[in-house]
Amino acid sequence: MGVQKKTRKFAQMKRAIKAHDERLKKPSTTKKEQPKEDQLTRQITQAPSNMFFAANTALGPPYHVLVDTNFVSHAIRAKQDMLTSMMDLLYAKCIPTFSDCTIAELEKLGDKYRLALRVAKDPRWSRVKCSHKGTYADDCIVDRVTKHRIYIVATNDQDLCRRLRKIPAGVIGLSCALYIQQHLTPSQSLILSAREFPHTTSLNYASPWAGAHYRPVPGSTPQFTREESQAKRTYAHFKNLAAHEQGCGVQSVPGVEYLENPPVEYLAPENIRNAYAHLDGFERLTEGECPPGVKWGVRYQTFVVNPPVYCAYLLRQFVLRGGEVREYTFVDPREAFHLADGVKTVVNCSGMGFGDEKSFIIRGQTCLVRNPCSLTITRQNIDGSWSFCIPRPLDGGTIIGGTKQPHNWDPKPSLETRAQLLANAAKWFPFAEGSKEQFDVIRDILGRRPAREGGMRLEAEKLDRGSGTLVHAYGAGGRGFELSWGVAEDVFGLMKKIGLVREKASL
Ligand SMILES: Cc1cc2nc3c(=O)[nH]c(=O)nc-3n(C[C@H](O)[C@H](O)[C@H](O)COP(=O)(O)OP(=O)(O)OC[C@H]3O[C@@H](n4cnc5c(N)ncnc54)[C@H](O)[C@@H]3O)c2cc1C
Ligand SMILES: [Zn+2]
1 MGVQKKTRKF AQMKRAIKAH DERLKKPSTT KKEQPKEDQL TRQITQAPSN
51 MFFAANTALG PPYHVLVDTN FVSHAIRAKQ DMLTSMMDLL YAKCIPTFSD
101 CTIAELEKLG DKYRLALRVA KDPRWSRVKC SHKGTYADDC IVDRVTKHRI
151 YIVATNDQDL CRRLRKIPAG VIGLSCALYI QQHLTPSQSL ILSAREFPHT
201 TSLNYASPWA GAHYRPVPGS TPQFTREESQ AKRTYAHFKN LAAHEQGCGV
251 QSVPGVEYLE NPPVEYLAPE NIRNAYAHLD GFERLTEGEC PPGVKWGVRY
301 QTFVVNPPVY CAYLLRQFVL RGGEVREYTF VDPREAFHLA DGVKTVVNCS
351 GMGFGDEKSF IIRGQTCLVR NPCSLTITRQ NIDGSWSFCI PRPLDGGTII
401 GGTKQPHNWD PKPSLETRAQ LLANAAKWFP FAEGSKEQFD VIRDILGRRP
451 AREGGMRLEA EKLDRGSGTL VHAYGAGGRG FELSWGVAED VFGLMKKIGL
501 VREKASL
């Protein structure tokens, strides 16, 4: 961009110079140094996949955020605290980082940028030394993120964004992709294709909006029995992840449940054994151990998930193992057979399916607050409504929930609901000292759980004339995260059973 501008100015100048001007005597040397415009544009290098946030394995909390001059002054003008806004946006701990030349650029900008300079020099931020000539910070930032892919760039500068390239699936698709990929022979390959990927947000993309915690749901229908098995396998997987994968966004925490008016499924000891017995440290609470009014209480060791961080982690693992990713919106899942040559299997993890009459949404409104909490608490109130708090790992705030409203398509969060959720939770939330027993709200969260009558559709559909097989895996409702790894195992098991796994698979 900068070079293009210089070239044009030079051309205008040249036209203005008189024929006998001294400078015209040695045009050849300067001309050689100036590449032609079309040569410049052809030299655009392809951005490597790990320049993308989700595909960069070196990026994990705490995030090192390289800040440019523009961003500091915009943050001051918008009266935004830089660190808080970054953490609210990235859902985890951040370290604002300034290069020597960004500071030098602010110093050169003079008195008007005095405040920005003071903010940039805050001793809490990290500083990186520059050894290059000059103080053109944009070049320095581009150079740093291209060479050392451990940074995220905070900027409001559109040109700089263009130079860095734009940064572009749900938890079920990602888990299935990774699981299948781990079990394929090297000659087989996978393409992960979706309309939305981690770090994009859309009402109809459920995963980023989840709490998310692992909380067993007792019952005795075939759906409950299947989900119990999937949940148990996911619990074992989460245990392994939390112990060995720092930064994946899954953490082990204590969990408690207090029910004031326990539904009938909670009263059958067999149901409770089936749903809860696999949990580490599981204990029924005595009346004396429960708060007043609570008729049923349990305690166990469980897992909380920071959904955007965990989904990005899954995607990174997939890409690192050589998985191919494509952004694509399908009108019909059969389109996916044409994404590449020889696609024989398509796994449909679209959340809602494509026009399945059994699919429906369950609207969920929660509130993300800054108040920290060290355990997940679920409370059923006397009127049958539920309140819960879920701390999101890696300093991602705490979710205060939540509503479950089947078939409700209202896209806007309700302030009334927020007030109700916070008022209910304020009665039992373990506020930290100094919080004045008040919630510090980051934002309302509104999502649509992709539910289905009778539970998830997990079946294979052979298409006409042997043109391929569609494996359906959608409709996880409000339990997508806690069922995810079990679902992935079941999808692979199904593919193996009907002999699909030896064929080239696409997702
Ligand atoms: C408020 C709230 C709280 C929740 N709390 C929890 C919790 O505590 N624990 C828990 O386990 N779960 C929780 N959930 C549920 C969880 O979010 C979902 O079950 C889960 O995200 C479903 O994942 P999915 O991959 O099936 O669907 P999605 O996340 O919706 O992903 C679907 C994918 O398919 C793609 N897609 C869809 N249609 C098309 C198309 N036509 N073309 C191309 N791509 C397409 C989308 O782009 C997306 O990538 C909660 C949900 C909400 C809303
Ligand atoms: Zn520099």
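For the sequence shown, UniProt numbering gives the first residue as 1, with consecutive numbering after it. We put the beta carbon where it would ideally sit given N, CA and C, even for glycine.
Exercise for review: Kindly list the residues whose CB is nearer than 7 Å to the CB of Leu285, restricted to its own chain and excluding five residues on each side of it in sequence; keep chain order.
Suggested key: Position 285 of the sequence shown, counted from the start, is the residue given in the question as residue 285. These residues qualify, in order along the chain: Gly297, Val298, Arg299.
Exercise for review: With a 10 Å radius around its C-beta and 16 neighbouring C-beta atoms as the bar for buried, classify Ile44 as buried or exposed.
Suggested key: The sequence position of residue 44 within the sequence shown is 44, counting from 1. Its pLDDT being 38, under 50, Ile44 is placed unreliably by the model, and the measurement read from it follows with that caveat. Ile44 is classed as exposed because its beta carbon has fewer than 16 other beta carbons within 10 Å across all chains shown.
Review point. Thinking just about the alpha-carbon of each residue, which of Met82, Ala426, Thr69, Asn306 is nearest to the one in Tyr113?
Key: Along the sequence shown, read from residue 1 onward, the residue named residue 113 stands at position 113. Looking at the Cα atoms, Thr69 is the closest of the given residues.
Check your understanding: Can you name, in chain order, every residue of its own chain whose Cβ lies under 7 Å from the Cβ of Asn204, other than the five neighbours on each side?
Key -> Residue 204 sits at position 204 when you count from the first residue of the sequence shown. These residues qualify, in order along the chain: Arg448.
Review point. Which term fits Thr97, buried or exposed, when burial requires 16 or more other beta carbons within 10 angstroms of its beta carbon?
Key: The count along the sequence shown starts at 1 and reaches residue 97 at position 97. Thr97 is classed as buried because its beta carbon has at least 16 other beta carbons within 10 Å across all chains shown.
Exercise for review: Examine ligand 1 and report whether any of its heavy atoms sits within less than 8 Å of the Cβ of Gly173.
Suggested key: Reading the sequence shown from its first residue, position 173 is the one you call residue 173. Within the cutoff, so yes.
Review point. With a CB to CB cut of under 6 Å and the five nearest residues on each side skipped, what residues in its chain are close to Gln317?
Key: Mapped onto the sequence shown, residue 317 falls at position 317. Leu178, listed in sequence order.
**Study point:** Separation of Ala236 from residue 508, as counted between CA atoms
**Key:** Past the boundaries of the shown model lies residue 508; the chain is included only from 1 to 507, so the question cannot be answered.
Check your understanding: alpha helix (DSSP H) containing residue 555: first to last residue?
Key -> Summary: the structure shown does not reach residue 555, with the chain confined to residues 1 through 507, and so no result is reported for it.
Review point. In terms of residues, what are the limits of the beta strand (DSSP E) holding Pro360?
Key: Reading the sequence shown from its first residue, position 360 is the one you call residue 360. Before going further, note that residue 360 is Phe rather than Pro in the sequence given. 359-369 is the extent of the beta strand (DSSP E) around Phe360.
Practice item. Pull up the distance between the alpha-carbon of Gln39 and that of Asp138, whole angstroms please. Key: The residue given as residue 39 occupies position 39 in the sequence shown. The residue given as residue 138 occupies position 138 in the sequence shown. Confidence is the limiting factor: at Gln39 the pLDDT is only 40, short of 50, which leaves the residue's position unreliable, though a coordinate-based value still follows. Rounded to whole angstroms, the gap between the alpha carbons of Gln39 and Asp138 is 22 Å.
Practice item. With DSSP as the reference, please indicate the residues paired to Ala194 in a beta bridge. Key: Start at 1 with the first residue of the sequence shown, and residue 194 comes out as number 194. When beta bridges are read from the DSSP output, Ala194 appears opposite Glu327.
Review point. What span of residues does the alpha helix (DSSP H) with Trp409 cover, start to end?
Key: In the sequence shown, counting from the first residue as 1, residue 409 sits at position 409. No alpha helix (DSSP H) holds Trp409; DSSP gives it neither H nor E.
Review point. Between the beta-carbon of Met352 and the beta-carbon of Pro263, is there less than 9 Å?
Key: Taking the sequence shown and counting its residues from 1, the one referred to as residue 352 is at position 352. Taking the sequence shown and counting its residues from 1, the one referred to as residue 263 is at position 263. It is not a contact, given that the beta carbons lie outside the stated cut-off.
Review point. Is DSSP giving Asp395 helix, strand or coil here?
Key: As a first step, residue 395 is located in the sequence shown; it is residue number 395 there, counting from the start. In the three-state scheme derived from DSSP, where H, G and I count as helix and E and B as strand, Asp395 is classed as coil.
Check your understanding: What separation, rounded to the nearest whole angstrom, lies between the Cα atoms of Pro307 and Asn240?
Key -> The residue given as residue 307 occupies position 307 in the sequence shown. The residue given as residue 240 occupies position 240 in the sequence shown. In this structure, the alpha-carbon of Pro307 lies about 17 Å from that of Asn240.
**Study point:** Close beta carbons around Gly468, own chain, < 6 Å, minus the five adjacent residues each side
**Key:** Position 468 of the sequence shown, counted from the first residue, corresponds to residue 468. Phe337, Lys344.
Review point. Taking DSSP as the reference, what is the three-state secondary structure of His64?
Key: The residue given as residue 64 occupies position 64 in the sequence shown. Taken through DSSP and simplified to helix, strand or coil, His64 comes out as strand.
Review point. With 16 as the cutoff for other CB atoms within 10 Å, does Leu267 come out buried or exposed?
Key: For the purposes of this step, residue 267 is taken as the residue at position 267 of the sequence shown. Its Cβ having fewer than 16 others within 10 Å, Leu267 is exposed.
Exercise for review: Could you tell me whether any non-hydrogen atom of ligand 2 is closer than 8 Å to the CB of His183?
Suggested key: Stepping through the sequence shown from its first residue, residue 183 is reached at position 183. The answer is no for His183.
Review point. So, helix, strand or coil for Asn204, using DSSP?
Key: Residue 204 sits at position 204 when you count from the first residue of the sequence shown. Here Asn204 sits in coil by DSSP.
Point to revise | Neighbourhood of Arg452 by C-beta distance below 6 Å, restricted to the same chain and skipping five residues each side | key: In the sequence shown, counting from the first residue as 1, residue 452 sits at position 452. Answer for Arg452: Lys358, Ser359, Gly475, listed in chain order.
Check your understanding: Lys133 lies in the alpha helix (DSSP H); which residues open and close that run?
Key -> The residue you call residue 133 lines up with position 133 of the sequence shown. Segment: none, Lys133 is in no alpha helix (DSSP H) and carries neither H nor E.
Check your understanding: Leaving out the 5 sequence neighbours to the left and right, which residues in its chain are closer than 7 Å to Glu287 when beta-carbon positions are compared?
Key -> The residue you call residue 287 lines up with position 287 of the sequence shown. Cβ-Cβ distances below 7 Å link Glu287 to nothing in the same chain once the five nearest sequence neighbours on each side are left out.
Check your understanding: Where does Val463 land, buried or exposed, given buried means 16+ other C-beta within 10 angstroms?
Key -> Taking the sequence shown and counting its residues from 1, one reaches residue 463 at position 463. The residue asked about is misnamed: residue 463 is Leu in this sequence, not Val. So Leu463 ends up on the exposed side.
**Study point:** Cβ neighbour criterion (16 or more within 10 Å) applied to Ser350
**Key:** Within the sequence shown, numbered from 1, the residue matching residue 350 stands at position 350. Only buried fits Ser350, as 16 or more other CB atoms lie within 10 angstroms of its CB.
Point to revise | Distance cut 5 Å, beta-carbon to ligand 2 heavy atom: residue list by chain order | key: Counting only heavy atoms of ligand 2, the residues whose C-beta sits closer than 5 Å to one of them are, along the chain, Ser99, Cys101, Cys130, Cys140.
Review point. What residue ranges within the region 244-277 form continuous alpha helix (DSSP H) runs of no fewer than 4 residues, ordered along the chain?
Key: Restricting attention to alpha helix (DSSP H) runs no shorter than 4 residues, the region 244-277 encloses them at 269-276, ordered along the chain.
Point to revise | C-alpha distance - Ser252 paired with Leu115, whole-angstrom precision | key: Here residue 252 corresponds to residue number 252 of the sequence shown, with the count starting at 1. Here residue 115 corresponds to residue number 115 of the sequence shown, with the count starting at 1. Distance between the alpha carbons of Ser252 and Leu115: 42 Å.
Practice item. Report the rounded CA-to-CA distance for Thr302 versus Asp280, giving the unit in angstroms. Key: Position 302 of the sequence shown holds residue 302. Position 280 of the sequence shown holds residue 280. If I take the Cα positions, the gap works out to 8 Å.
Practice item. May I have a chain-ordered list of the alpha helix (DSSP H) segments no shorter than 4 residues that lie completely inside the region 70-152? Key: Whole alpha helix (DSSP H) segments, 4+ residues: 82-90, 100-108, 114-120, 137-147.
Practice item. Look up Arg299 in the DSSP assignment and give the residues it is bridged to. Key: Locating residue 299 in the sequence shown gives position 299, counting from the first residue. Partner(s): Val256, Glu283.
Exercise for review: Helix, strand or coil for Ala460, going by three-state DSSP, please let me know.
Suggested key: Mapped onto the sequence shown, residue 460 falls at position 460. In the structure shown, Ala460 adopts extended strand secondary structure according to DSSP, grouped into three states.
Point to revise | Nearest candidate by alpha-carbon position, reference Ile382, set Val294, Asp341, Ala75 | key: Looking up residue 382 in the sequence shown gives position 382. Checking every option, the nearest Cα to that of Ile382 belongs to Val294.
Review point. Which class does Cys311 belong to by DSSP, given the choice of helix, strand or coil?
Key: Reading the sequence shown from its first residue, position 311 is the one you call residue 311. Helix at Cys311.
Exercise for review: Would you be able to state if there are at least three C-beta pairs under 8 Å between the region 427-446 and the region 371-391?
Suggested key: Yes, they touch.
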